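Undergrad: First the structure, which I've put down as structure tokens, then a few questions once you've had a look.
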Amino acid sequence: MQYPVYGPYQAPGPRRPLWGGLSFRSYWEKRGIRQAALGVGVSFLLFYILQFGISLLLSVVLLLLGPAGEEAYALLTDPAGVYVQSVVLSALLFTLPFVIGARVSRRRVGEIIQLGRVQPSRFVPLVCIGLGMCMLGNFATNLLGSTFSVFGMPPVQPQMEDPAGFFGYALTVLASAFLPALVEEFAFRGVVMGLLRPFGDGFAIVVSAVLFGLMHGNLVQAPFAVVVGLGLGYITVAARSMWPAIAAHFLNNLLATLFNSLAADLTPTAYNLASLLFLLLCLVLGLIGAAVYVRKQPAAFRLHPSPCELSASGRYKAFASQPAMIVTLCLLVLSILATQFML
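My numbering numbers the first residue of the sequence shown as 19 and each following residue consecutively.
Spelled out as structure tokens, the structure:
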């Protein structure tokens with residue numbers, strides 16, 4: 019299978035004189051980054067527009083149905099109904115807007131998504147590294163939680179009641195583990211990173227991880243998701259494929275779902291002890307995976323130097339100052355603040 023090639027950004031068009039203190043090459047690199055930022059920003063804005071539009075349309079339909087709408091509302095607000103909505107919305111919101119965003123950046127999804135086969139000797143260690151990074155993400159969450167609690171503002175997140183029975187558990191796994199691993203990796207390690215990698219792997223990993231964290235919309239999950247995003251971004255670059263990141267994402271969410279289901283059957287002390295042992299086990303697996311991978315790839319943790327002439331700060335500034343991204347970042351931050359102070 020042919021892998022996408024992420025070579026240095028090629029400046030198109032005729033040679034121009036220095037502009038804004040930038041050389042010809044830096045000028046076109048900045049334009050390329052802003053074009054990619056436009057695509058990413060449009061993806062997120064379409065995400066919010068679709069989310070709001072579907073919610074509004076559903077509310078209007080339920081209102082027009084009268085008494086039948088009340089019955090439908092009861093079904094939709096039942097735990098199983100909430101999870102079914104989550105499945106449908108996730109499948110739509112993390113795919114269609116990002117496909118459109120890629121086209122806005124003048125790229126095709128097939129050009130930037132990496133889904134090549136990874137040999138088991140590389141796949142397993144990379145998945146273990148991903149799980150280890152997920153556990154480090156828990157430390158980031160605990161650290162932020164402790165810091166905010168000192169000031170009387172413990173982080174909060176929306177709570178969802180799990181549906182009962184075998185069907186309910188299967189639906190929970192689908193909505194919480196299987197589907198997010200596919201569609202969120204498609205959006206962040208696929209489209210977002212794919213659009214940004216021509217300007218440096220490290221740049222693409224950091225930006226996609228920060229956006230991944232902010233997208234979770236609350237201070238409990240955001241620091242965790244940023245750390246996880248860094249790990250999953252790295253293993254995607256290392257593997258030249260999204261499959262190890264998808265597998266690590268799925269396993270982390272699946273194990274979290276299993277632990278949540280056990281919480282009702284264990285005492286708080288037993289649950290905390292089991293969680294600690296599991297966390298340590300995953301960290302050990304991550305270290306073993308890293309050791310095995312480094313043995314096979316001595317330069318495993320060295321990213322290729324950025325091909326850009328534009329400085330790192332210049333690249334981040336060019337990305338964050340694009341108008342669509344400014345609006346997107348404001349919406350993401352406002353979403354976190356609303357969750358923290360309005361729940």
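Idealized CB from N, CA, C, for every residue including glycine. Keep in mind the model is a prediction, meaning the values are calculated, not measured.
(1) What residues match up with Leu133 in a beta bridge as DSSP calls it?
(2) Express the C-alpha separation of Val127 and Thr190 in angstroms, rounding to a whole number.
(3) If you compare alpha carbons, which of Ala257, Val209 and Ala338 is closest to Thr113?
(4) Could you tell me the distance, in whole angstroms, from the CA atom of Gly50 to the CA atom of Glu327?
(5) How many angstroms separate the CA atom of Val228 from the CA atom of Ala338?
(6) Given Ala54, which residues of its chain have a CB within under 7 angstroms of its CB, disregarding the five upstream and five downstream residues?
(7) With distance defined between alpha-carbon atoms, name the residue in Leu321, Leu81, Leu107 and Val102 nearest to Val224.
(8) If the criterion is Cβ atoms closer than 9 angstroms, does the pair Phe268 and Phe230 meet it?
(9) For the 8 angstroms Cβ check, are there 3 or more pairs between the region 150-163 and the region 292-303?
(10) Along the chain, where does the alpha helix (DSSP H) that runs through Asp219 open and close?
(11) Do Gly249 and Gly170 have their C-beta atoms closer together than 9 angstroms?
(12) Note down, in chain order, each residue of its chain lying with its Cβ closer than 8 angstroms to the Cβ of Ser41, except the 5 sequence neighbours on either side.
(13) Using a Cβ-Cβ cutoff of less than 6 angstroms, which residues in the same chain neighbour Ala265 once the five nearest sequence positions on both sides are dropped?
(14) Could you name the residues of the same chain whose beta carbon sits closer than 6 angstroms to that of Pro173, not counting the 5 residues immediately before and after it, in chain order?
(15) Return helix, strand or coil for Val238, following the three-state DSSP convention.
(16) Pick helix, strand or coil for Ala274, following the three-state DSSP scheme.
(17) Hey, out of Leu276, Asp283, Thr346 and Gln175, whose CA is closest to Phe242's CA?
(18) Only counting runs of 4 or more residues, tell me where the alpha helix (DSSP H) segments fall wholly within the region 45-101, in order along the chain.
(19) Since Leu83 and Ala92 should fall inside the 8 angstroms C-beta cutoff, what is the C-beta to C-beta distance between them, to a whole number of angstroms?
(20) Would you check if there are 3 or more beta carbon pairs closer than 8 angstroms linking the region 191-199 to the region 101-115?
(21) The alpha helix (DSSP H) with Arg140 in it runs from where to where?
(22) Output the distance between the C-alpha atoms of Phe277 and Ser293, rounded to the nearest integer angstrom.
(23) Are the region 343-357 and the region 55-66 touching, with three or more C-beta to C-beta distances below 8 angstroms?
(24) Quick one: what does DSSP say Ala362 is sitting in, helix, strand or coil?
(25) Would you tell me roughly how many angstroms separate the C-alpha atoms of Val201 and Ala281, rounded to the nearest one?
(26) When you compare each of Ala256, Leu350, Leu352 and Pro323 to Gln315 by their alpha carbons, which one comes out closest?
(27) Does DSSP put His267 in a helix, in a strand, or in coil?
(28) Which same chain residues, not among the five before or five after Gln20, have their C-beta less than 6 angstroms away from its C-beta?
(29) Determine the DSSP secondary structure at Gln340, reduced to helix, strand or coil.
(30) When the Cα atoms are used, what is the spatial distance from Ile131 to Glu203?
(31) Should Asp219 be labelled buried (16 or more other beta-carbon atoms within 10 Å of its own) or exposed?
(32) In terms of alpha-carbon separation, which member of Gly235, Phe185 and Pro181 lies closest to Ile354?
(33) Along the chain, where does the alpha helix (DSSP H) containing Gly119 start, and where does it finish?
(34) Locate the alpha helix (DSSP H) running through Met178, then write down its first and last residues.
(35) Going by C-alpha to C-alpha distance, which of Met260, Ala182, Val246 and Phe217 sits closest to Val100?
TA: In terms of the structure at hand:
(1) Paired residues: Ser259.
(2) Cα to Cα, Thr190 sits roughly 29 angstroms from Val127.
(3) Val209
(4) 13 angstroms
(5) Taken atom to atom, the span from the alpha-carbon of Val228 to that of Ala338 is near 12 angstroms.
(6) Ser123, Leu213 and Leu214
(7) Leu321
(8) no
(9) yes
(10) Asp219 to Met233
(11) no
(12) Excluding positions up to five away in sequence, the list reads Glu327.
(13) Val145
(14) Gly163, Phe166, Leu237 and Val238
(15) coil
(16) helix
(17) With distances taken between CA atoms, Phe242 lies nearest to Gln175 out of Leu276, Asp283, Thr346 and Gln175.
(18) 85-95
(19) Wrong, their Cβ atoms sit about 12 angstroms apart, outside the cutoff.
(20) yes
(21) Counting along the chain, the alpha helix (DSSP H) containing Arg140 begins and ends at Pro138 to Val168.
(22) So the alpha carbons of these two residues sit roughly 8 angstroms apart.
(23) yes
(24) This structure cannot settle anything about residue 362, because the visible part of the chain is limited to 19 through 361.
(25) 28 angstroms
(26) Ala256
(27) helix
(28) At Gln20 the pLDDT is 43, less than 50, meaning the model places this residue with poor confidence and gives no usable figure here.
(29) coil
(30) 10 angstroms
(31) buried
(32) Gly235
(33) Leu114 to Val122
(34) Where Met178 is concerned, there is no enclosing alpha helix (DSSP H), given that its DSSP letter is neither H nor E.
(35) Ala182
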